[in-house]
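Q: Quick mapping for you: the protein sequence lines, in order, are chains A and B.
Positions 112 to 450 (the working numbering) are the ones given, in order, by the first sequence.
Positions 24 to 359 (the working numbering) are the ones given, in order, by the second sequence.
Questions regarding the structure given below will be posed in turn.
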Amino acid sequence: MSLYRTELRRLGKRRLTRWMTLLGVLVIGAVIVGTFFTNQKIGPEQRAAAVAEAEQQYQEQVTQAEQERAACVQAKASGQETPEGRYPEDCAAIEAPPRGSIQPEWFLPSTFDFRKGFEETIVTFTAIVALLGFLVGGSFVGAEWSSGGMMNLLLWRPRRLTVLLTKLGALLTGTVAVTVAAATVWTAGYWLVGTLRGSTATMTSGAWQSFALTGLRGLVLIVVAVTLGFALASLGRHTAMALGAAIGVAVVGQFGLGIVMAMAGVRFLEAWLLPTYALAWMQKKVTLEDWQSCNVTYYGECKPDTLDVTWGQSSILFAAALVVVLGAALVAMRRRDVA
Amino acid sequence: MSAVLEIEGLRKTYKSRRRGVRHALDGFDMRVEQGQVHGFLGPNGSGKTTTLRTLLGLIRPDGGRMAILGQEVPAALPEVVGRVGAIVESPQFFPHFTARDTLSLLAGAGEVPQSRVDEVLELVGLRDRAGERVKTYSLGMKQRLAVASALLKDPKLLILDEPANGLDPGGIREMRTLTRDLANSGMTVLLSSHILGEIQLICDSVTIISLGRRVAYGPVDQVLAEHAGSEVRVRLEAVADLQRAADLLSRAGATVTVRPDHLMLAGVEKTATVSRVLAEHNLYVSELTPVTVDLESVFLELTATAPVPGQHRQVDQSTKVGGAGQPDAAAGGWGA
Numbered sequence: 112m113s114l115y116r117t118e119l120r121r122l123g124k125r126r127l128t129r130w131m132t133l134l135g136v137l138v139i140g141a142v143i144v145g146t147f148f149t150n151q152k153i154g155p156e157q158r159a160a161a162v163a164e165a166e167q168q169y170q171e172q173v174t175q176a177e178q179e180r181a182a183c184v185q186a187k188a189s190g191q192e193t194p195e196g197r198y199p200e201d202c203a204a205i206e207a208p209p210r211g212s213i214q215p216e217w218f219l220p221s222t223f224d225f226r227k228g229f230e231e232t233i234v235t236f237t238a239i240v241a242l243l244g245f246l247v248g249g250s251f252v253g254a255e256w257s258s259g260g261m262m263n264l265l266l267w268r269p270r271r272l273t274v275l276l277t278k279l280g281a282l283l284t285g286t287v288a289v290t291v292a293a294a295t296v297w298t299a300g301y302w303l304v305g306t307l308r309g310s311t312a313t314m315t316s317g318a319w320q321s322f323a324l325t326g327l328r329g330l331v332l333i334v335v336a337v338t339l340g341f342a343l344a345s346l347g348r349h350t351a352m353a354l355g356a357a358i359g360v361a362v363v364g365q366f367g368l369g370i371v372m373a374m375a376g377v378r379f380l381e382a383w384l385l386p387t388y389a390l391a392w393m394q395k396k397v398t399l400e401d402w403q404s405c406n407v408t409y410y411g412e413c414k415p416d417t418l419d420v421t422w423g424q425s426s427i428l429f430a431a432a433l434v435v436v437l438g439a440a441l442v443a444m445r446r447r448d449v450a
Numbered sequence: 024m025s026a027v028l029e030i031e032g033l034r035k036t037y038k039s040r041r042r043g044v045r046h047a048l049d050g051f052d053m054r055v056e057q058g059q060v061h062g063f064l065g066p067n068g069s070g071k072t073t074t075l076r077t078l079l080g081l082i083r084p085d086g087g088r089m090a091i092l093g094q095e096v097p098a099a100l101p102e103v104v105g106r107v108g109a110i111v112e113s114p115q116f117f118p119h120f121t122a123r124d125t126l127s128l129l130a131g132a133g134e135v136p137q138s139r140v141d142e143v144l145e146l147v148g149l150r151d152r153a154g155e156r157v158k159t160y161s162l163g164m165k166q167r168l169a170v171a172s173a174l175l176k177d178p179k180l181l182i183l184d185e186p187a188n189g190l191d192p193g194g195i196r197e198m199r200t201l202t203r204d205l206a207n208s209g210m211t212v213l214l215s216s217h218i219l220g221e222i223q224l225i226c227d228s229v230t231i232i233s234l235g236r237r238v239a240y241g242p243v244d245q246v247l248a249e250h251a252g253s254e255v256r257v258r259l260e261a262v263a264d265l266q267r268a269a270d271l272l273s274r275a276g277a278t279v280t281v282r283p284d285h286l287m288l289a290g291v292e293k294t295a296t297v298s299r300v301l302a303e304h305n306l307y308v309s310e311l312t313p314v315t316v317d318l319e320s321v322f323l324e325l326t327a328t329a330p331v332p333g334q335h336r337q338v339d340q341s342t343k344v345g346g347a348g349q350p351d352a353a354a355g356g357w358g359a
């Protein structure tokens, strides 16, 4: 227990932890503030302005149609040559669009509907915290290895697996605590945005439950990212190992693979890319479409082939990655000499 | 006297597909008695640090037996480690923490009272600089911090690997006094160092290692005596008489080497015989000195690492104790 408390203290004292937490707070703040200023509350004034703008648009369309019809009549009367298809046979066919085709809703300013929009922001929040957590996780153990701190610690606590797992436990405790605190701020911030620059109406306990479950999945994804960063850095005994692996996977495994597969015309190439699985985990399902295929429907519509990537498949992929990388880190910790 | 540290037949082999097999420790033995300051000497790459790391569970041995405070390690290391303070090789600490934070975290991990942190900071002379980040420290200050971390547990066995490295002359003297004081208080100290004068001054006993094997061990006086030989330096009033004196002494049974301005005699049991033999032939001695040895010369002789003019000795070129128990010069290092 003393080791666990000490590792929590060490985590809190580390500069990178503090800087990354601050950076996270700033980014989260910037996103919320950005959303605040790009949305407005819809009231009678905004609705009236939208109706007026829709009416103005409609009038412009009417004027334009009248001018066009007049030009058509004039061209036909003068026998002037016009490009084929420029005017219809009967100039009376040139009419303004019906009034209902220009809807006032189109001209309403952007507004934040908490119930419709908040779930999507949880994905953004998860991505921000997972990225920063990966760095902190990798650095927490990587810097210990490269600075010799781990060797010092093992001179005090020679049970290596206990040391590594206690460090991971402290790291994950800190991660969960900071994530829950940041998620509370995030939710409160967006609730405020909804209240002042949109709507928080129609929220039900079911909606909150749905948000909570999405948030829980986000928390699991963050924990996985942090653990992977930690395990990779421990395996390579340097923070650079985690960063190198992340960059390697991103550049070679994702961009490179994506380009090669696109050139080879592989169907559903997104099924080979990690972000698809992260998104499927968060949204429960991602449907990929193959636009090169066409399945004609009864109504003559062309429907592409689809492939569903589900959260279940994502969970298998992430669990396998976690078991392999963390397992390798534990085996290396147990067996390799500390030099 | 009971042994605080026992090592028997310790072996550690490194295998490399490219460079073959290297025996870093090749049946190494060591014994440190309670309350002693024990010197651990060896040339670079001889296996000193490998021994200490293996002893402390950082490296897995391939064979042999080790015991600390009567308990077999590495099996009993978790139980015994609380009574062992150690610094291994150069001091390494997280550079952005202060000395106090560093020690406080170690104390927390080892369940040592936090009050002990200030005590050891005072002891190693870092009290006034304890709030500064370690990255601002000189090598000597980091060394003091390392010693402080080793003392934090108030150990029964203190293992110090090159503790004087980077210390100024005053620091070296303080370290010497501290080491002696700790030993006087009942602590056993294992001291690995290349400063042989220091070892000779403060150690009760020594072990000398070369290419992973023990080449000498025992009380310092005994090791020196075993390798002192019985050489005597003789100078005469007239250098011109050296050859005549050499003949006389040879006939008397001594082994004589003629040097430009003096004679070196070996196999002389009583130095008085030399002056008597020479005086009988009207040759008068101006200097008659038994040649004494120091730990440095014994070390260089035993490990065969004395510099030879015109040659550049490689790191692994030193003495390996042969199978028959006799030292023979060998080039160690990576072999098939």
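In this text, a Cβ means the ideal position worked out from N, Cα and C, and glycines have one as well.
(1) Should A:Ile370 be labelled buried (16 or more other beta-carbon atoms within 10 Å of its own) or exposed?
(2) Quick check on the DSSP output: the alpha helix (DSSP H) that includes A:Tyr169 runs from which residue to which?
(3) Closer than 7 Å, Cβ to Cβ, to anything on chain B: give me those residues from the stretch 117-128 of chain A, in chain order.
(4) With distances taken between CB atoms, is the gap from B:Val321 to B:Leu180 smaller than 8 Å?
(5) Run through chain B and tell me which residues come within less than 7 Å of A:Ala110, C-beta to C-beta.
(6) What separation, rounded to the nearest whole angstrom, lies between the Cα atoms of B:Ile30 and B:Pro84?
(7) Have a look at B:Ala248 and B:Met210 and give me their C-alpha separation to the nearest angstrom.
(8) With C-beta atoms as the reference, is B:Gly193 less than 8 Å away from B:Arg167?
(9) Among the residues of its own chain, which have a CB less than 6 Å from the CB of A:Trp402, if the five just before and after it don't count?
(10) In three-state terms, what does DSSP make of A:Trp259?
(11) Are there 16 or more other CB atoms within 10 angstroms of the CB of A:Phe148, so buried, or fewer, so exposed?
(12) Using a Cβ-Cβ cut-off of 8 Å (strictly less than) and excluding sequence neighbours within five positions of B:Thr121, which residues of its own chain qualify?
(13) Which two residues bound the contiguous alpha helix (DSSP H) that contains B:Arg196?
(14) Can you say whether A:Lys278 is buried or exposed, counting buried as having 16 or more other CB atoms within 10 angstroms of its CB?
(15) Quick check on A:Ser426: does DSSP put it in helix, strand or coil?
(16) Which full runs of the alpha helix (DSSP H) of 4+ residues lie inside the stretch 119-145 of chain B, going along the chain?
(17) Looking at the secondary structure, which residues open and close the beta strand (DSSP E) in which B:Ser228 lies?
(18) Would you check if the stretch 289-296 of chain A and the stretch 134-143 of chain A touch, i.e. whether three or more CB-CB distances between them fall below 8 Å?
(19) At a CB distance below 7 Å, what residues from the stretch 122-154 of chain B approach chain A? Give them in sequence order.
(20) For A:Glu216, I'd like the list of residues in its chain whose CB is within less than 8 Å of its CB, leaving aside the five on either flank, ordered along the chain.
(21) By the criterion of Cβ-Cβ separation under 8 Å, what are the contact partners of A:Gly260 in chain B?
(22) At a Cβ cut of 8 Å, what residues of the stretch 89-103 of chain B count as close to chain A, listed as they run along the chain?
(23) Among A:Ser425, A:Glu164, A:Thr398, which residue has its Cα nearest to the Cα of A:Thr417?
(24) Skipping 5 residues on each side, what residues in its chain have a beta carbon closer than 6 Å to that of A:Gly123?
(25) Note down, in chain order, each residue of its chain lying with its Cβ closer than 8 Å to the Cβ of A:Gly248, except the 5 sequence neighbours on either side.
(26) Anything in chain A within Cβ reach of B:Ala109, meaning under 8 Å, just list it in chain order.
(27) Is the Cβ-Cβ distance between A:Tyr388 and A:Leu428 less than 8 Å?
(28) If we call anything under 8 Å between Cβ atoms a contact, is A:Trp383 one with A:Ser425?
(29) Here's the rule: buried if 16 or more other CB atoms are within 10 angstroms of the residue's CB, otherwise exposed. What is A:Met131?
(30) Of all Cβ atoms in chain A, is any one closer than 8 Å to the Cβ of B:Ala222?
(31) Can you say whether A:Ala163 is buried or exposed, counting buried as having 16 or more other CB atoms within 10 angstroms of its CB?
(32) Compare the beta carbon distance of A:Leu309 and A:Thr237 with 8 Å and say whether it is the shorter of the two.
(33) At least one CB of chain A closer than 8 Å to the CB of B:Ser172: is that the case?
(34) Is it the case that the Cβ atoms of B:Val104 and A:Trp267 are separated by a distance below 8 Å?
(35) DSSP state of A:Arg447, grouped into three classes?
(36) Nearest chain B C-beta to A:Ala281 closer than 8 Å, yes or no?
A: According to the structure data:
(1) The residue labelled residue 370 of chain A in the question sits at position 259 within the first sequence. By the neighbour-count rule (16 or more Cβ atoms within 10 Å), A:Ile370 is not buried but exposed.
(2) In the first sequence, residue 169 of chain A corresponds to position 58, counting from 1. Element bounds for A:Tyr169: 155-189.
(3) Listed by position along the chain: Thr117, Arg120, Arg121, Lys124, Arg126.
(4) Here residue 321 of chain B refers to the residue found at position 298 when the second sequence is read from its first residue. Here residue 180 of chain B refers to the residue found at position 157 when the second sequence is read from its first residue. Taking C-beta atoms as the reference points, B:Val321 and B:Leu180 fail to come closer than 8 Å.
(5) This structure does not reach residue 110 of chain A, given that chain A is present from 112 up to 450, and the question cannot be answered.
(6) Position 7 of the second sequence holds residue 30 of chain B. Position 61 of the second sequence holds residue 84 of chain B. Computed Cα separation, rounded: 12 Å.
(7) Looking up residue 248 of chain B in the second sequence gives position 225. Looking up residue 210 of chain B in the second sequence gives position 187. In this structure, the CA atom of B:Ala248 is about 27 Å from the CA atom of B:Met210.
(8) For the purposes of this step, residue 193 of chain B is identified with residue 170 of the second sequence, where counting begins at 1. For the purposes of this step, residue 167 of chain B is identified with residue 144 of the second sequence, where counting begins at 1. With respect to B:Arg167, B:Gly193 sits apart: the two C-beta atoms are not nearer than 8 Å.
(9) Here residue 402 of chain A corresponds to residue number 291 of the first sequence, with the count starting at 1. Once the five neighbours on either side are set aside, the close Cβ partners of A:Trp402 are Pro415.
(10) Here the question's residue 259 of chain A lines up with position 148 in the first sequence. Reading off the sequence shown, one finds Gly at residue 259 of chain A, where the question assumed Trp. If DSSP states are grouped into helix, strand and coil, A:Gly259 belongs with coil.
(11) Translated into positions along the first sequence, residue 148 of chain A becomes position 37. The residue in question, A:Phe148, is exposed, as its Cβ has fewer than 16 Cβ neighbours within 10 Å.
(12) Locating residue 121 of chain B in the second sequence gives position 98, where the first residue counts as 1. Cβ within range, chain order: Ala153, Gly154, Glu155, Arg156, Val157.
(13) Taking the first residue of the second sequence as position 1, residue 196 of chain B is located at position 173. Going by DSSP, B:Arg196 is part of the alpha helix (DSSP H) stretching over 192-207.
(14) The residue you call residue 278 of chain A lines up with position 167 of the first sequence. Buried, since its Cβ has 16 or more Cβ neighbours within 10 Å.
(15) Numbered from 1 along the first sequence, position 315 holds the residue referred to as residue 426 of chain A. Three-state result, A:Ser426: helix.
(16) Counting only runs of 4 or more, we get 122-132.
(17) Looking up residue 228 of chain B in the second sequence gives position 205. First-last of the beta strand (DSSP E) with B:Ser228: 228-233.
(18) Contact between the stretch 134-143 of chain A and the stretch 289-296 of chain A is established, with three or more Cβ pairs separated by less than 8 Å.
(19) Within the stretch 122-154 of chain B, contact with chain A at the beta-carbon level (separation under 7 Å) is assigned to Asp124, Leu128, Leu129, Gly131, Ala132, Gly133, Glu134.
(20) For this step, residue 216 of chain A is matched to residue 105 along the first sequence. Beyond the five residues adjoining it in sequence on each side, A:Glu216 comes within less than 8 Å, by CB distance, of Ala161 in the same chain, given in chain order.
(21) Within the first sequence, residue 260 of chain A is the residue found at index 149, counting from 1. Correct list: Gln115, Phe116, Phe117.
(22) Result list: Pro97, Leu100, Pro101.
(23) Mapped onto the first sequence, residue 417 of chain A falls at position 306. Answer by Cα proximity: A:Thr398.
(24) Along the first sequence, read from residue 1 onward, the residue named residue 123 of chain A stands at position 12. No residues qualify anywhere along the chain.
(25) What you label residue 248 of chain A is simply residue 137 of the first sequence in a count that begins at 1. The answer, listed in chain order, is Leu282, Thr286, Ala336, Val337, Thr338, Leu339, Gly340, Phe341, Ala344, Ala353.
(26) Taking the second sequence and counting its residues from 1, one reaches residue 109 of chain B at position 86. Neighbours of B:Ala109 across chain A, judged by C-beta separation under 8 Å: Leu266.
(27) Here residue 388 of chain A corresponds to residue number 277 of the first sequence, with the count starting at 1. Here residue 428 of chain A corresponds to residue number 317 of the first sequence, with the count starting at 1. Yes, the Cβ-Cβ distance between A:Tyr388 and A:Leu428 is below 8 Å.
(28) Counted from its first residue, the first sequence places residue 383 of chain A at position 272. Counted from its first residue, the first sequence places residue 425 of chain A at position 314. The Cβ atoms of A:Trp383 and A:Ser425 do not sit closer than 8 Å to each other.
(29) Reading the first sequence from its first residue, position 20 is the one you call residue 131 of chain A. A:Met131 is buried by the Cβ-count criterion.
(30) The residue given as residue 222 of chain B occupies position 199 in the second sequence. Residue 222 of chain B is actually Ile in this sequence, not Ala. No, its Cβ sits nowhere closer than 8 Å to a Cβ of chain A.
(31) As a first step, residue 163 of chain A is located in the first sequence; it is residue number 52 there, counting from the start. Result: exposed.
(32) Along the first sequence, one-based indexing puts residue 309 of chain A at 198. Along the first sequence, one-based indexing puts residue 237 of chain A at 126. The displayed chain sequence assigns Gly, not Leu, to residue 309 of chain A. Taking the C-beta atoms as reference points, A:Thr237 is found no nearer than 8 Å to A:Gly309.
(33) Against the second sequence, residue 172 of chain B aligns to sequence position 149. Closer than 8 Å: yes.
(34) Here residue 104 of chain B refers to the residue found at position 81 of the second sequence. Here residue 267 of chain A refers to the residue found at position 156 of the first sequence. Contact: yes.
(35) As a working note, residue 447 of chain A is residue 336 in the first sequence. Three-state result, A:Arg447: coil.
(36) Here the question's residue 281 of chain A lines up with position 170 in the first sequence. Not one chain B Cβ lies under 8 Å of A:Ala281.
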